[in-house]
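K.L.:
Residue numbers (the working numbering): 15 to 424. Just passing along the structure, written as C-alpha cells.
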Amino acid sequence: MSSDQHFVIVGGGLAAAKLAEALRDKDFDGTVTLISAEEHLPYDRPPLSKEHLAGKKAFTEFLVQPAQWYRDHHVDVRLGTTVTGLDAAAKTVTLPDGSTLRYDKLALATGSAPRMLPVPGADAPNVYTLRTIEDSDTLIELFESTRRIVIIGAGWIGLEVAAAARAAGVQVTIVEQGELPLRAALGPEMGRVFADLHRANGVDFRFGVQVGAITTEDAIATAVANGVRLADGSTIDADAVLVAIGAQPNLELAADAGLAVEDGVLVDAHLVTSDPDIVAVGDIAAHRHPVLDRRIRVEHWANALNQPAVAAASMLGKEATYDRLPYFFTDQYDLGMEYTGYAAPGEYARVVVRGDLTAREFVAFWLAPDNRVLAGMNVNIWDVTDRIKELILAGDPVDPDRLTDTTTSL
Ligand SMILES: Cc1cc2nc3c(=O)[nH]c(=O)nc-3n(C[C@H](O)[C@H](O)[C@H](O)COP(=O)(O)OP(=O)(O)OC[C@H]3O[C@@H](n4cnc5c(N)ncnc54)[C@H](O)[C@@H]3O)c2cc1C
C-alpha cells in the first residue's frame, strides 16, 4: 500500500516489533509509529527468567531488532511513552502530554502485567515480580546476596525463577494453592514431572496452601518482608518474596474505547477487533481460532512472534488468517521442553507417554475421548514438533499402543 497513511502500533514487546517488521516486509511505505511505555527497544521476554537470569545472555542479544533497524526502516519509535487514551471514532490515541496522534490503522499490542497478590505486606520493597529487563536484573543482584526466597505460585515463571535461584545457590520454597505445579497448563500427569524435577534440585514445595500475608519486620509501611504467613497461621521465613501468580492482559485502552473485550480483546480469525481499523496481537488477543474452532487467548512467545504478519496483512486490506496451533517452551535445570496444541483442562481423556518418563526423555500426548491427539509435549527430545503438529491437524484417532511404542516411527 502506498501512501501518506499513518499506522500506529501501541505496545513495545515482541508483537509490536514484529508488526512493524511485517508492515515493512509487506511494502507498506506510509508512516509507522511504535509507541512503547518501556524505556528500551522491544525485546524477548523468555530469557528474563532463563539465560539472562542465569547470567548467560546479555540484554543486547535478545533485542527483537537493533536500533539501526528502526532507523533503516523509518519506524518512528517513541519509548517511555504510555498511551493514555484511544478514541476509535476520531481515530486518535492520546499521549501522556495530552496531545493526540491520528491514525489510519491501529494495532494494539499492549501485552500483560504481573498479577498482584492482594494481601498485607505485598508492597514491601523486597517483594518482586518478573516482567521486564529491570525486574530480571534486580533478581540477578538479589541472588548474589540472598539466602532464602519464597516464590508464590508454581506456574512457568515461578518454576523458571526457582531453577535459576537454585543454580545461584539460593534456598527456594514455592507455595502454591493447587496440589501440583502447572496444573492449569498441563494437568496433573505432567505437573508431577515438574514437581519431581524441582524436588530433585532441592526446592521445597508447599502445595494446597493460601498465602494470608507477607510478613514484615515491623508494622510500618517501609518495612522489609521477612517471610510469608499461610492461611493456617504457619509462617515461612525468607529474605525476599517473588509473586508469580500469573499475568493479566492490559485491556484498559481497548475497553475504554468501547472495543469488544472479554478476558482479552476480541479479534476474528484475521486478528481484527470489533473496529475494522484496529487489530490486536499477542498476549491481549482473544482470537477466534479457525482450526481449534473456539476463542483462545494464549500468553506465548510464539503467538507474539507469528500473529503480527497476519495482523499486518489485515491492516493492509489483504486476506490472511491466523491458524497456527499454540506452541510454547520452557527450560528448567537440564529439562527442555516444547508443547504444541491445546488440551483444555477437563477436555482430554488421558495422557500417554512415549519414552522414558523417569529419565525425563519422552513425548507426552493428550488424547481426546476418541483418541484424537489434542496436544503433545516433547521433553529433552527434539525435532518432533512438526510431526506432533501433523498428528493433531490430521484429526484422526490414533492407536495409543502404537503411538507410545518407541520402535514405531512417530
Ligand atoms: C519472564 C518471562 C518469561 C517468559 N517465558 C516464556 C517462554 O519460555 N515461552 C513462551 O512461550 N512464553 C514466555 N513468556 C511469555 C511471552 O514473553 C509473552 O507471551 C510475550 O512477551 C507477549 O508479547 P506481547 O508483545 O504481546 O506483550 P508484552 O511482551 O507484554 O509487551 C507489551 C508491551 O506494551 C507496552 N505497553 C502496555 N501498555 C501500553 C500503553 N498504554 N502504551 C504504550 N505501551 C504500552 C508494555 O510496556 C510492553 O512493552 C514469558 C514471559 C515472561 C514475562
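Cβ atoms here follow ideal geometry from the backbone N, Cα and C, with glycine treated the same way. Keep in mind the model is a prediction, meaning the values are calculated, not measured.
Do Leu-115 and Thr-47 have their beta-carbon atoms positioned less than 8 Å apart in this structure?
P.N.:
yes
K.L.:
So, is Glu-174 buried or exposed, given that buried needs 16 or more other C-beta atoms within 10 angstroms?
P.N.:
buried
K.L.:
Any idea if Gln-346 is buried or exposed, counting beta-carbon neighbours within 10 angstroms, 16 or more meaning buried?
P.N.:
buried
K.L.:
Hey, would you say Gln-349 sits closer than 8 Å to Tyr-362, going by beta carbons?
P.N.:
Inspection of the sequence shows that residue 349 is occupied by Leu rather than by Gln. No, the pair does not count as a contact, with Cβ atoms beyond the cut-off.
K.L.:
Once you ignore the five residues that flank Leu-280 on each side, which residues in its own chain have a CB closer than 7 Å to its CB?
P.N.:
Correct list, in chain order: Ala-274, Thr-287, Ser-288 and Ala-300.
K.L.:
Buried or exposed for Thr-422, please, with buried defined as at least 16 other CB atoms from any protein chain shown within 10 angstroms of its CB.
P.N.:
Of the other Cβ atoms in all chains shown, fewer than 16 fall within 10 Å of the Cβ of Thr-422; this residue is therefore exposed.
K.L.:
Would you say the beta carbon of Gly-172 is closer than 7 Å to some non-hydrogen atom of ligand 1?
P.N.:
No, the beta carbon of Gly-172 sits no closer than 7 Å to any heavy atom of ligand 1.
K.L.:
For Arg-161, count neighbouring C-beta atoms within 10 Å of its own C-beta (all shown protein chains included) and say buried if the count is 16 or more, exposed if not.
P.N.:
Counting Cβ neighbours within 10 Å, Arg-161 comes out exposed, since fewer than 16 surround it.
K.L.:
Could you pull the DSSP bridge partners for Gly-192 from this structure?
P.N.:
According to DSSP, Gly-192 bridges with nothing at all.
K.L.:
For Thr-95, verify whether its CB is less than 7 Å away from any heavy atom of ligand 1.
P.N.:
yes
K.L.:
Excluding sequence positions up to five away, which residues of its chain have a Cβ less than 7 Å from the Cβ of Ala-31?
P.N.:
Pro-56, Val-78 and Gln-79
K.L.:
Given 7 Å as the limit, tell me if Thr-354 has its C-beta closer than that to any heavy atom belonging to ligand 1.
P.N.:
no
K.L.:
Between Phe-21 and ligand 1, is there a pair consisting of the residue's CB and a ligand heavy atom that are separated by less than 7 Å?
P.N.:
no
K.L.:
Roughly how many angstroms separate the alpha carbons of Thr-399 and Gln-191, rounded to a whole number?
P.N.:
32 Å
K.L.:
Output the distance between the C-alpha atoms of Val-143 and Leu-131, rounded to the nearest integer angstrom.
P.N.:
The sequence shown places Thr at residue 143, not Val. Their Cα atoms are separated by approximately 10 Å.
K.L.:
For ligand 1, is there any heavy atom lying closer than 7 Å to the beta carbon of Val-24?
P.N.:
yes
K.L.:
So if DSSP puts Tyr-142 in a beta bridge, which residue, or which two residues, is it bridged to?
P.N.:
Leu-256
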